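Asks: This note's numbering puts the sequence shown at residues 146 to 252. A virtual CB, placed ideally from N, CA and C, is assigned to each residue, including glycine. From a predicted model like this one, the values you see are computed outputs, not experimental measurements. Input: one structure, supplied below.
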Amino acid sequence: MYSHLTLGTNDFPRAEKFYDAVMAVLGHPVMFKAPVVLAYGTPTGEKLFILPPFDGQEARPGNGVHAAFKVDRRAIVDASSGLLPAPRMMRSTLRLLTLSPHRRSSR
């Protein structure tokens, strides 16, 4: 169902310690780490990203959370994008998903 989930943090060192421990117990490997990004999972499976919100504001309910659903055909993205008036960021994300390299072969 999910491709990936992004959760915001205001305390990166604390989040790293917590999620490293939790993901290890759950059996989800570290995919990569960068100075302010943690990624767990596998390149072809579900993923969890932990990082400060993209807008530079404080992570709080409604800011710093991003969920992406898996789809196997471009037509599904096209059909879902017209269901509701989507915020500008969501429309941009839907366009990016249709352009991502792992989706090109399934159009």
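1. In terms of residues, what are the limits of the alpha helix (DSSP H) holding Val170?
2. Out of Tyr147, Gly153 and Thr187, state which residue places its alpha-carbon closest to the alpha-carbon of Arg205.
3. For His173, tell me which candidate among Pro197, Tyr147 and Lys192 has the shortest Cα-Cα distance.
4. When you compare each of Leu183, Gly209, Gln202 and Ala212 to Ala166 by their alpha carbons, which one comes out closest?
5. Between which two residues does the beta strand (DSSP E) containing Phe194 stretch?
6. Hey, would you say the C-beta of Val175 is under 6 Å away from at least one heavy atom of the ligand FAD?
7. Spatial neighbours of His211 within its chain, please: C-beta separation below 6 Å, excluding the five flanking residues on both sides.
8. On the DSSP bridge list, what partners appear for Lys178?
Replies: Taking the geometry as given:
1. Phe157 to Leu171
2. Gly153
3. Lys192
4. Leu183
5. Lys192 to Leu196
6. The ligand FAD is absent from the structure shown, which contains no ligand whatsoever.
7. Thr151
8. Leu183
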